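Note sheet for the following structure.
In mature numbering (1 follows the signal peptide of the UniProt record, and there is no 0), the protein residues as written are -25 to -1, 1 to 223.
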């Protein structure tokens, strides 16, 4: 409901309360880069309100993504947004961008195109619009090289939050088991096989994140995160808005 109001006030507040604190808990290195360039979490608004269909030109894949989101927890799109940034391939692009706002924002905005090459063509410097059936031979080789097992490559992520006193033990998560249905819905979707970062990897990562830091822990995480903010008054005002946010 937050995205269907007269403005995006609740949605942007929800993103500020959830996205960067989650990234901070899961991958401090990427979070430090985003903080370095004063990045706000608003780069993910188009991902959230369109369920990633904004940059996906494969209709069949969009349908499968919608199936996954409709059958799972309402916060899954936000967890998938975090997975989009922290996937081993994507995080290298974010960290490899020039350390200024424009370059990092451009890298973030282009990440969904790594997950569906239909309608896009890689030029060596970025994606440009291309015919649906056009596939660059070198890109196929790059995809084979860079496609990685998330389970094997995510060892850089910080595990401390899942066990310390401000995060709690996520193994007891029982908030909503419906998110588990999403893990099988995207697997056979067309448009995934030739992607550098298949959406199936992102769904699997997001479910892993949700188990480690479940939705009921997001507000405690936000309180812990903003307690370290020197601008405490603004942080308190943001936390006070949480009661009016449907997602929370």
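Just so it is clear, CB atoms sit at the ideal spot from N, CA and C, and this is done for glycine as well. All of these numbers come straight from a predicted model, not from anything done at the bench.
Taking 9 Å as the threshold (C-beta atoms), are residue 90 and residue 171 in contact? Here residue 171 is taken as the residue at index 196 of the chain shown, counted from 1. Here residue 90 is taken as the residue at index 115 of the chain shown, counted from 1. Yes, they are a contact pair.
Helix, strand or coil for residue 179, going by three-state DSSP, please let me know. Here residue 179 corresponds to residue number 204 of the chain shown, with the count starting at 1. Of the three classes helix, strand and coil, the one that applies to residue 179 here is helix, per DSSP.
Do you know whose CA, among 54, 13, 87, lies nearest residue 77's CA? One-based indexing of the chain shown puts residue 77 at position 102. Of the candidates 54, 13, 87, the one whose C-alpha sits nearest the C-alpha of residue 77 is 13.
Pairs of beta-carbons, one from the stretch 173 to 181 and one from the stretch 43 to 57, closer than 8 Å: are there three or more? yes
Under DSSP, the alpha helix (DSSP H) around residue 81 begins and ends at which residues? Along the chain shown, one-based indexing puts residue 81 at 106. Counting along the chain, the alpha helix (DSSP H) containing residue 81 begins and ends at 76 to 85.
Collapsed DSSP secondary structure at residue 170 in the structure displayed: In the chain shown, counting from the first residue as 1, residue 170 sits at position 195. Here residue 170 sits in coil by DSSP.
State the Cα-Cα distance for the pair residue 51 and residue 58, rounded to the nearest angstrom. As a first step, residue 51 must be located in the chain shown, where it is residue number 76. As a first step, residue 58 must be located in the chain shown, where it is residue number 83. Spanning the two alpha carbons is a distance of roughly 10 Å.
Could you pull the start and end residues of the alpha helix (DSSP H) that residue -8 belongs to? Locating residue -8 in the chain shown gives position 18, where the first residue counts as 1. Taken as a continuous stretch (DSSP letters only), the alpha helix (DSSP H) holding residue -8 covers -17 to 1.
With DSSP collapsed to three states, give me the class of residue 58. Residue 58 sits at position 83 when you count from the first residue of the chain shown. In the structure shown, residue 58 sits in a helix (DSSP, three-state: H, G or I).
Determine the contact status of residue 85 and residue 73, defining contact as a CB-CB distance below 9 Å. As a position in the chain shown, residue 85 is number 110, starting the count at 1. As a position in the chain shown, residue 73 is number 98, starting the count at 1. Their beta carbons are not under 9 Å apart, which means residue 85 does not touch residue 73 by this criterion.
First and last residue of the uninterrupted alpha helix (DSSP H) at residue 199: As a working mapping, residue 199 is identified with position 224 in the chain shown. 193 to 202 is the span of the alpha helix (DSSP H), which, as asked, contains residue 199.
Please state the DSSP three-state secondary structure of residue 225. The chain is shown only over -25 to 223; residue 225 falls outside these bounds and no answer can be derived.
Mind checking whether residue 196 and residue 19 have CB atoms under 9 Å apart? The residue you call residue 196 lines up with position 221 of the chain shown. The residue you call residue 19 lines up with position 44 of the chain shown. No, they are not a contact pair.
Would residue -16 be called buried (16 or more neighbouring beta carbons within 10 Å of its own) or exposed? Mapped onto the chain shown, residue -16 falls at position 10. Buried is the call here.
Please list, in chain order, all residues of the same chain as residue 21 whose beta carbon is under 7 Å from its beta carbon, the five residues on each side excluded. For this step, residue 21 is matched to residue 46 along the chain shown. Within the same chain, residue 21 has close Cβ partners 29.
Comparing C-alpha positions only, which one of 204, 61, 194 sits nearest to residue 4? Taking the chain shown and counting its residues from 1, the one referred to as residue 4 is at position 29. For residue 4, the nearest C-alpha among the options comes from 61.
Cutoff 9 Å: residue 169 Cβ touching any chain D Cβ: Of the protein chains in the structure, only one exists, and it is not chain D.
By DSSP, does residue 4 sit in helix, in strand, or in coil? The residue you call residue 4 lines up with position 29 of the chain shown. In this structure, residue 4 counts as helix in the three-state DSSP scheme.
Compare the beta carbon distance of residue -6 and residue 200 with 9 Å and say whether it is the shorter of the two. On the chain shown, position 20 is the one that residue -6 refers to. On the chain shown, position 225 is the one that residue 200 refers to. Taking 9 Å as the Cβ cut-off, residue -6 and residue 200 qualify as a contacting pair.
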